[in-house]
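Read left to right, the sequence shown gives residues 56 to 444 (our numbering).
Positions of the beta carbon are idealized from the N, C-alpha and C atoms, including for glycine.
Report on the structure given below.
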Amino acid sequence: MNLLKTKSASKSGSSTHKSKTREWIDSIVFAVVAATLIRWLLLEAFTIPTPSMEKSLLVGDFLFVSKVHYGTRTPKTPLQIPLTHQKIWGTDIPSYLDWIQLPQYRLPGLTKVKNNDVVVFNYPPREYTYAGMQPDYPTDLKTNYIKRCIGIPGDVVEVRDLQVYVNGKAAENPDGIQFRYFMETNVSVNERTFRKYAITDVQSRTEMYNDSIPVSGYEIKTTPATAAELKKLSFVKSITVLKKKKGVTDTSSPVYPNSVATPNQPVFDWNEDWYGPITVPKKGMKIVLDSQNVAMYHEMIAKYEGNEKVTVKDNQLLIDGKVQSDYTFKQDYYFMMGDNRHNSYDSRFWGFVPEDHIVGKAFIIWLSIDPQGGFTDKIRWNRLFRLIH
56 MNLLKTKSAS
66 KSGSSTHKSK
76 TREWIDSIVF
86 AVVAATLIRW
96 LLLEAFTIPT
106 PSMEKSLLVG
116 DFLFVSKVHY
126 GTRTPKTPLQ
136 IPLTHQKIWG
146 TDIPSYLDWI
156 QLPQYRLPGL
166 TKVKNNDVVV
176 FNYPPREYTY
186 AGMQPDYPTD
196 LKTNYIKRCI
206 GIPGDVVEVR
216 DLQVYVNGKA
226 AENPDGIQFR
236 YFMETNVSVN
246 ERTFRKYAIT
256 DVQSRTEMYN
266 DSIPVSGYEI
276 KTTPATAAEL
286 KKLSFVKSIT
296 VLKKKKGVTD
306 TSSPVYPNSV
316 ATPNQPVFDW
326 NEDWYGPITV
336 PKKGMKIVLD
346 SQNVAMYHEM
356 IAKYEGNEKV
366 TVKDNQLLID
376 GKVQSDYTFK
386 QDYYFMMGDN
396 RHNSYDSRFW
406 GFVPEDHIVG
416 KAFIIWLSID
426 PQGGFTDKIR
436 WNRLFRLIH
């Protein structure tokens with residue numbers, strides 16, 4: 056009997072022995088499944104590619120974004136290669152099939168989006184490039200943006216002379232907030248000087264004073280504190296913030312809702328420095344669809360509320376061919392802005408972020424690489440494991 060048992064155990068052991076190749080495949084499959092679940096449920100790694108959040112977040116910062124803070128979204132596009140977003144790595148081949156589109160829900164979260172949170176979200180409008188129109192990606196596969204939440208549902212947002220106001224009160228400015236300045240100098244300033252003050256966006260230009268006197272200098276983007284320091288330098292004659300005038304629209308870079316209105320026919324006399332007031336839509340909020348509200352909200356109603364055949368005719372909004380006198384919003388929306396206020400393409404230009412486009416909260420920088428740094432200063436050691444606020 057013992058002999059039979061021994062033979063049986065030996066035979067069983069040989070049949071279940073895995074080859075090295077099988078072990079590698081099993082390990083890879085397990086790692087991919089685990090990473091996919093963590094990426095979906097808990098947190099996801101992102102990098103900062105543009106300077107729209109400087110100096111709060113820098114180009115080359117690598118972040119972890121929490122999905123559990125606001126609640127994880129259920130997948131909308133299930134037919135997708137794991138650990139990809141829009142395309143297969145290193146190619147222009149789509150990494151998904153849109154044959155199946157599921158209803159999207161949000162699991163319970165730890166908190167809700169708050170004013171001044173740094174939020175990652177799917178960019179709502181359809182994207183355009185110099186080469187033409189991008190594919191209209193499903194909601195969960197749209198390009199990821201990162202901005203600061205300025206207005207939550209129901210807030211009234213306004214920008215007066217660069218300063219943001221929320222519900223009539225001046226909003227707290229982030230420590231790293233930046234604006235565009237003109238620095239008049241009597242000498243040429245080398246790149247090393249600008250790097251000393253952590254200024255990376257510099258353009259040599261001539262400014263006209265009183266439409267008649269040309270002066271030479273540099274257009275820079277920096278913080279008010281750094282601008283004050285630069286003003287003390289002997290070779291700096293003056294430094295002036297460059298801002299738009301109140302009531303003057305900019306047709307070359309129109310703000311929302313002018314940006315979705317008839318070209319060259321602005322609805323509101325707003326610009327990026329004098330904007331609003333504008334009310335952020337809230338779920339259950341009812342509005343009267345007068346001509347101003349139709350101009351302000353028709354894009355939200357048409358694109359993000361699940362309505363069919365929304366049209367605008369003679370300043371009236373029609374759903375399925377019927378004129379609507381009022382409308383009640385079906386979901387919450389948010390107003391986002393970049394901390395680099397004069398170099399940020401944000402809600403001032405393209406409108407609100409729907410709640411179902413919210414991805415998660417940026418909460419920690421785990422690595423930071425300076426694209427302009429040398430061998431010894433490539434890594435920004437002072438930014439590692441810094442909490443984001």
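* Asked: Roughly how many whole angstroms lie between the Cα atoms of Val343 and Gln379?
  -> The residue labelled residue 343 in the question sits at position 288 within the sequence shown. The residue labelled residue 379 in the question sits at position 324 within the sequence shown. Rounded to the nearest whole angstrom, the CA to CA distance from Val343 to Gln379 is 9 Å.
* Asked: Rounded to a whole number of angstroms, what is the C-alpha to C-alpha distance between Asp195 and Asp81?
  -> Residue 195 sits at position 140 when you count from the first residue of the sequence shown. Residue 81 sits at position 26 when you count from the first residue of the sequence shown. Looking at the two C-alpha atoms, the distance is approximately 29 Å.
* Cut-off 6 Å between Cβ atoms - residues of its own chain near Ser293, not counting five sequence neighbours on either side -> For the purposes of this step, residue 293 is identified with residue 238 of the sequence shown, where counting begins at 1. So the qualifying residues of the chain are Glu239.
* Note down, in chain order, each residue of its chain lying with its Cβ closer than 6 Å to the Cβ of Val173, except the 5 sequence neighbours on either side. => Against the sequence shown, residue 173 aligns to sequence position 118. Result list for Val173: Arg203, Ala417, Ile443, in chain order.
* Going by CA-CA distance only, name the one from Asp324, Tyr311, Ala280 that's closest to Lys299. => Position 244 of the sequence shown, counting from 1, holds the residue named residue 299. Checking every option, the nearest Cα to that of Lys299 belongs to Asp324.
* Touch test, the region 233-248 against the region 269-279, Cβ-Cβ under 8 Å, three pairs minimum -> At 8 Å Cβ cutoff, the stretches touch.
* To do: Would you mind stating whether Val335 and Val212 have Cβ atoms separated by less than 8 Å?
  => Your numbering for residue 335 matches position 280 in the sequence shown. Your numbering for residue 212 matches position 157 in the sequence shown. Using a Cβ distance threshold of 8 Å, Val335 and Val212 count as a contacting pair.
* **Nearest-angstrom beta carbon gap, Ser121 and Leu98 [assumed within contact, 8 Å]** => Counting from one through the sequence shown, the residue named residue 98 turns up at place 43. Counting from one through the sequence shown, the residue named residue 121 turns up at place 66. With 8 Å as the limit, Leu98 and Ser121 qualify as a contact, their Cβ atoms being about 5 Å apart.
* Compute the Euclidean distance between the alpha carbons of Ser69 and Trp144, then round it to the nearest angstrom. => Along the sequence shown, read from residue 1 onward, the residue named residue 69 stands at position 14. Along the sequence shown, read from residue 1 onward, the residue named residue 144 stands at position 89. Legend: pLDDT at Ser69 = 48, less than 50; position of this residue unreliable, no value from coordinates given.
* To do: Decide if the region 82-90 is in contact with the region 368-387; the criterion is three or more beta carbon pairs, one per stretch, under 8 Å apart.
  => no
* Please determine if the region 124-133 and the region 157-170 are in contact, where contact requires at least 3 C-beta pairs separated by less than 8 Å. => yes
* Would you kindly report the start and end of the unbroken alpha helix (DSSP H) that includes Ser271? => For this step, residue 271 is matched to residue 216 along the sequence shown. Careful: Ser271 lies outside any alpha helix (DSSP H), inside the beta strand (DSSP E) at 268-277.
* Short check: CB of Lys338 to CB of Pro208, under 8 Å? -> Sequence index remark: in the sequence shown, residue 338 carries index 283 (1-based). Sequence index remark: in the sequence shown, residue 208 carries index 153 (1-based). Less than 8 Å divides the Cβ of Lys338 from the Cβ of Pro208.
* By Cβ distance, which residues of its chain are closer than 6 Å to Tyr160, with the 5 residues on each side in sequence left out? -> Sequence index remark: in the sequence shown, residue 160 carries index 105 (1-based). For Tyr160, same chain residues with a beta-carbon under 6 Å away, outside a window of 5 residues either side, are Thr129 in chain order.
* For the alpha helix (DSSP H) holding Tyr352, just list the boundary residues, first then last. => Here residue 352 refers to the residue found at position 297 of the sequence shown. That run of the alpha helix (DSSP H) goes 346-358.
* Start-to-end residues for the alpha helix (DSSP H) that takes in Val84 -> Numbered from 1 along the sequence shown, position 29 holds the residue referred to as residue 84. Taken as a continuous stretch (DSSP letters only), the alpha helix (DSSP H) holding Val84 covers 75-96.
* Report yes if the C-beta distance between Tyr178 and Tyr200 is below 8 Å; otherwise report no. => Counting from one through the sequence shown, the residue named residue 178 turns up at place 123. Counting from one through the sequence shown, the residue named residue 200 turns up at place 145. It is a contact, given that the beta carbons lie within the stated cut-off.
* For the ligand HEM, is there a heavy atom less than 7 Å away from the beta-carbon of Ala417? -> This structure lacks the ligand HEM; in fact it carries no ligand of any kind.
* By Cβ distance, which residues of its chain are closer than 8 Å to Asn222, with the 5 residues on each side in sequence left out? -> Position 167 of the sequence shown, counted from the first residue, corresponds to residue 222. Excluding sequence neighbours, Asn222 sits near Asp210, Val211.
* Excluding the five sequence neighbours on either side, which residues of its own chain have a C-beta within less than 7 Å of the C-beta of Ala282, listed in chain order? -> For the purposes of this step, residue 282 is taken as residue 227 along the sequence shown, with counting starting at 1. Here the set comprises Tyr236, Ile294.
* To do: Using alpha carbons as the reference points, say which of Val349, Asp256, Lys341, Ser289 lies closest to Leu113.
  => Here residue 113 refers to the residue found at position 58 when the sequence shown is read from its first residue. Ranking the options by Cα distance to Leu113, first place goes to Asp256.
* Find out if the Cβ-Cβ distance for the pair Gly231, Phe390 is shorter than 8 Å. => Residue 231 sits at position 176 when you count from the first residue of the sequence shown. Residue 390 sits at position 335 when you count from the first residue of the sequence shown. Cβ distance not < 8 Å, so Gly231 and Phe390 don't count as in contact.
* Which of helix, strand or coil does DSSP assign to Asn222? -> Counting from one through the sequence shown, the residue named residue 222 turns up at place 167. Here Asn222 sits in coil by DSSP.
* Asked: Measuring CA to CA, which of Val214, Lys224, Ser243, Gln135 is closest to Tyr192?
  -> Here residue 192 refers to the residue found at position 137 of the sequence shown. The option with the nearest alpha carbon to Tyr192 is Gln135.
* Roughly how many angstroms lie between the CA atoms of Phe440 and Asp116, to the nearest whole one? -> Your numbering for residue 440 matches position 385 in the sequence shown. Your numbering for residue 116 matches position 61 in the sequence shown. When rounded, the distance between both Cα atoms is 11 Å.
* To do: Keeping to the same chain, check which residues put their C-beta closer than 7 Å to that of Ala90; ignore five residues upstream and five downstream.
  => Reading the sequence shown from its first residue, position 35 is the one you call residue 90. If we look at Ala90 and ignore the five residues flanking it on each side, its Cβ neighbours are Leu138.
* Scan the region 138-201 and note each continuous beta strand (DSSP E) run of 3 residues or more that stays entirely inside, going in chain order. => 173-177
* Quick one: grab the DSSP three-state call for Ala100. => Position 45 of the sequence shown, counting from 1, holds the residue named residue 100. Three-state DSSP puts Ala100 in a strand.
* Asked: Can you pull the DSSP bridge partners for Met392?
  -> Taking the sequence shown and counting its residues from 1, the one referred to as residue 392 is at position 337. In the DSSP secondary-structure assignment, Met392 is bridged to Arg203.
* Tell me, to the nearest whole angstrom, how far the beta carbon of Tyr273 is from that of Val244; I am working on the premise that it is less than 8 Å. => What you label residue 273 is simply residue 218 of the sequence shown in a count that begins at 1. What you label residue 244 is simply residue 189 of the sequence shown in a count that begins at 1. Indeed, because the Cβ distance is near 6 Å, the residues count as touching under 8 Å.
* Taking only the alpha-carbon atoms, compute the straight-line gap between Trp436 and Ala253 and give it to the nearest angstrom. => Sequence index remark: in the sequence shown, residue 436 carries index 381 (1-based). Sequence index remark: in the sequence shown, residue 253 carries index 198 (1-based). One C-alpha to the other measures close to 15 Å.
* Can you tell me whether Leu59 is buried or exposed, with buried defined as 16 or more other CB within 10 angstroms of its CB? -> Taking the first residue of the sequence shown as position 1, residue 59 is located at position 4. Note that Leu59 has pLDDT 41, beneath the 50 cutoff, so the model's placement of it is unreliable and no number is given.
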